[in-house]
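Down below is the structure, laid out as structure tokens.
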Amino acid sequence: MAGTKETPRQRMIGMMYLVLTALLALQVSNQILQKFVLLNDGLERTSRNYIQKNEFTVTSIESTVESQGNNAKDVPKVGAAKEVRVITSEVFSYLEDLKQELITVSNAKNDQGTYNNSALKNVDVPGNIFNNNKKGFEMQEKLNAYPAQISEVLAKIGIDLTFEPIAKDAKDIDLFKNDPDVRGKNFVNLNFVKSPVGAVMALISQFQNEVLNIESESLSEITKSIGSFYFKADIVEARVAALSNVVAAGTKFEGDMYIASSSSTAAPIMRLDGKAIPVENGFGKIEFTVAPAGQYDDRGLAKRVLKGEIVTNVGGEDKVLPVEYEYYVAQPIIKVTSEVVNQLYADCANDLSIDVPALGNSYAPDFSINNGSIIKGSKPGQVTVIPGNSGKTVIGVSSGGNKIGDVSYDIKPVPAPSIRPYDARGPIDLSTAYPAPGPSSLIIEAIAEANFGRTMARDSNFEVTGGEVILLRNEVPRDKVTITGKNVGIRNLLAAAKSGDNLIVRVTEVTRTNFRGNKIKSNQSEIIRIAIK
Numbered sequence: 001m002a003g004t005k006e007t008p009r010q011r012m013i014g015m016m017y018l019v020l021t022a023l024l025a026l027q028v029s030n031q032i033l034q035k036f037v038l039l040n041d042g043l044e045r046t047s048r049n050y051i052q053k054n055e056f057t058v059t060s061i062e063s064t065v066e067s068q069g070n071n072a073k074d075v076p077k078v079g080a081a082k083e084v085r086v087i088t089s090e091v092f093s094y095l096e097d098l099k100q101e102l103i104t105v106s107n108a109k110n111d112q113g114t115y116n117n118s119a120l121k122n123v124d125v126p127g128n129i130f131n132n133n134k135k136g137f138e139m140q141e142k143l144n145a146y147p148a149q150i151s152e153v154l155a156k157i158g159i160d161l162t163f164e165p166i167a168k169d170a171k172d173i174d175l176f177k178n179d180p181d182v183r184g185k186n187f188v189n190l191n192f193v194k195s196p197v198g199a200v201m202a203l204i205s206q207f208q209n210e211v212l213n214i215e216s217e218s219l220s221e222i223t224k225s226i227g228s229f230y231f232k233a234d235i236v237e238a239r240v241a242a243l244s245n246v247v248a249a250g251t252k253f254e255g256d257m258y259i260a261s262s263s264s265t266a267a268p269i270m271r272l273d274g275k276a277i278p279v280e281n282g283f284g285k286i287e288f289t290v291a292p293a294g295q296y297d298d299r300g301l302a303k304r305v306l307k308g309e310i311v312t313n314v315g316g317e318d319k320v321l322p323v324e325y326e327y328y329v330a331q332p333i334i335k336v337t338s339e340v341v342n343q344l345y346a347d348c349a350n351d352l353s354i355d356v357p358a359l360g361n362s363y364a365p366d367f368s369i370n371n372g373s374i375i376k377g378s379k380p381g382q383v384t385v386i387p388g389n390s391g392k393t394v395i396g397v398s399s400g401g402n403k404i405g406d407v408s409y410d411i412k413p414v415p416a417p418s419i420r421p422y423d424a425r426g427p428i429d430l431s432t433a434y435p436a437p438g439p440s441s442l443i444i445e446a447i448a449e450a451n452f453g454r455t456m457a458r459d460s461n462f463e464v465t466g467g468e469v470i471l472l473r474n475e476v477p478r479d480k481v482t483i484t485g486k487n488v489g490i491r492n493l494l495a496a497a498k499s500g501d502n503l504i505v506r507v508t509e510v511t512r513t514n515f516r517g518n519k520i521k522s523n524q525s526e527i528i529r530i531a532i533k
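Each residue of the sequence shown is one higher than the one before, starting from 1 at the first, in this note's numbering.
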């Protein structure tokens, strides 16, 4: 976000915003809305950690400058830090008021503090508040003015630091700028119009986190600009500040493990689960891929606990400070879309799109299959599944080497085609007798069942390849010819045909050409009578 290289936490904050924004367009279930509430709770917890950390940093800056004798160059930095905190607090409170207005107007929470699922799904209230009442446009203006305000404060004390706008239109976001269906939307339409209350709550909390992150970066730059000093730590506490304590399996957990009294001159050693983690400016950088849980509760969550330690100098000697942090692994939901998603046709190319929305841009799918074979498409999640001949086929879904889950489908046999006779003019009407001596040309077509032909065009090429046509007079066969393809040579039969005779088309074999070009023969018995008048 800043002019310097982004940290992993900043990249995760940006990713969270893009994921939340993209999910606003989905028709969401109660279960997903409940996860939005959990995500919102996690983001609000992160905000509280941010605020506590930033307030401590402001106090630390003031104490540091005082301990160094109130150097004339550093004294204005105390005022700048406090001004940054005041501006941030005003913007944060403004966003919090809007979030509470949304909750109140939509009746999303009852007197007992429980969320109402039907209210969380309401898509009219956000549009009315933020679009019709113009509060979304006001929010965009305030959010985008905030980074400029902070940069102006920093510039007064000689710090050159710029930030990107927070509230962007779709055309300014990489995820949407090339999407013709979305790129024309402004900030308000993209985020609030036709968006459910639960998702908008989480999105506003995300904006609050972005504001606090800019504040944190600014205070860090102010701290680094102060002359070197000896910081006496009389109150020491170990903490973890994470982006969220609700993390989808397959995504990265990111956060800071830090000492509350830490400064840029401190050099603590930090470990997580017994392994050392990198420390930057006194903050441990936590990043790991979250493995799926063995069991999830009825909310689709599994509790995990991070355990670590910080070794730092306190009062002239090294002290080990233990750290514990609870978070929850959210069970990813596998979403499959296809024309034939309920059942797969045997030995056919069934095109599927398999997605795990909770993983967002980190989705790196891989697939396994039982009772069939699978071909990956050109885009992530696109696959062609060729099931076996019967039973069920099970598709295993993984991302980044982590197993997400399985999807299972019944295997449906290919429906038999309809057999229809044609002459040179088109379909033969079997309800009336054909003028003697009969059709000058006879074509026997195998027509795919309508739904199969529509959804499985590459596998629905049928041809009659076996049978015979019999000239029948007074129910006694007079002559016959063999069917070897759709065009049947019946010239000899017509030469002997008379009024009152019948042509009997007896089909015994149909061949289907599948998507690979393979010929698959099947026994299909059907008799058609063409009367001659």
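Quick reminder that beta carbons are idealized off the backbone N, C-alpha and C, glycines included. If you're wondering where the values come from, they're calculated on a predicted model, not measured in any experiment.
If you ignore the 5 residues before and after residue 192, its C-beta comes within less than 7 Å of the C-beta of 126, 127, 130, 131, 136, 200, all in its own chain and listed in chain order.
The C-alpha of residue 211 is placed about 30 Å away from the C-alpha of residue 71. In the displayed model, residue 199 falls within a helix according to three-state DSSP. The beta carbon of residue 502 lies closer than 7 Å to those of 472, 529, 530, 531, 532 in the same chain, with the five residues before and after it left out. A distance below 7 Å separates the beta carbons of residue 311 and residue 269. Distances from the alpha-carbon of residue 373 to those of 124, 363, 389, 321 put 389 closest.
Residue 285 and residue 186 have their C-alpha atoms spaced approximately 35 Å apart.
Look at the beta carbons and you see the segment 91 to 106 touching the segment 202 to 219: at least three pairs across the two are nearer than 8 Å. For a cut-off of 8 Å, the C-beta gap from residue 514 to residue 347 is around 7 Å, short enough to register as a contact. Burial check for residue 459: the Cβ neighbour count within 10 Å reaches 16 or more, so the residue is buried.
In the structure shown, the three-state DSSP call for residue 446 is strand. With fewer than 16 other beta carbons inside 10 angstroms of its own, residue 496 counts as exposed.
Of the candidates 56, 511, 216, 511 places its Cα closest to the Cα of residue 485.
Per DSSP, reduced to three states, the secondary structure at residue 113 is coil, with no helix or strand assignment. Looking at the DSSP output, residue 461 shares a beta bridge with 513.
Residue 400 sits in coil when the DSSP states are folded into three classes, being neither helix nor strand. Excluding residues up to 5 positions away in sequence, 387, 411, 412, 413, 414, 452, 456, 459 lie with their Cβ nearer than 8 Å to the Cβ of residue 345 in the same chain. Counting only the Cα atoms, residue 102 lies some 15 Å from residue 207. Within the segment 127 to 181, complete alpha helix (DSSP H) segments of at least 4 residues are found at 135 to 156, given in chain order.
Remark: C-beta atoms of residue 405 and residue 394 do not approach each other more closely than 7 Å.
Beyond the five residues adjoining it in sequence on each side, residue 381 comes within less than 6 Å, by CB distance, of 353, 354, 355, 365 in the same chain, given in chain order. DSSP places residue 356 outside both helix and strand once states are collapsed to three, so it counts as coil.
Rounded to the nearest angstrom, the gap between the Cα atoms of residue 464 and residue 334 is 41 Å. In summary, residue 322 is exposed, with fewer than 16 beta-carbon neighbours lying within 10 Å of its beta-carbon over all protein chains present. Comparing alpha-carbon positions, the option among 63, 55, 449, 461 lying closest to residue 516 turns out to be 461. The Cβ atoms of residue 439 and residue 429 do not sit closer than 7 Å to each other. When Cβ pairs closer than 8 Å are counted between the two stretches, the segment 137 to 151 is seen to touch the segment 161 to 170, the count reaching three or more. In its chain, beyond the 5 residues on either side, 309, 310, 311 have a beta carbon closer than 8 Å to the beta carbon of residue 320. Assignment of residue 421 by DSSP, reduced to helix, strand and coil, places it in the strand class.
Taking the C-beta atoms as reference points, residue 447 is found no nearer than 7 Å to residue 408. Residue burial is scored here from C-beta neighbours: residue 281 has fewer than 16 other C-beta atoms within 10 angstroms and is therefore classed as exposed. The distance from the Cβ of residue 307 to that of residue 256 is about 16 Å, inconsistent with a contact at the 8 Å cut-off. Under the DSSP definition of a beta bridge, residue 368 partners with 396.
Residue 203 and residue 40 have their C-alpha atoms roughly 8 Å apart.
Residue 279 and residue 267 have their C-alpha atoms some 8 Å from each other.
Nearest to residue 205 by C-alpha distance, out of 385, 416, 46, 330, is 46.
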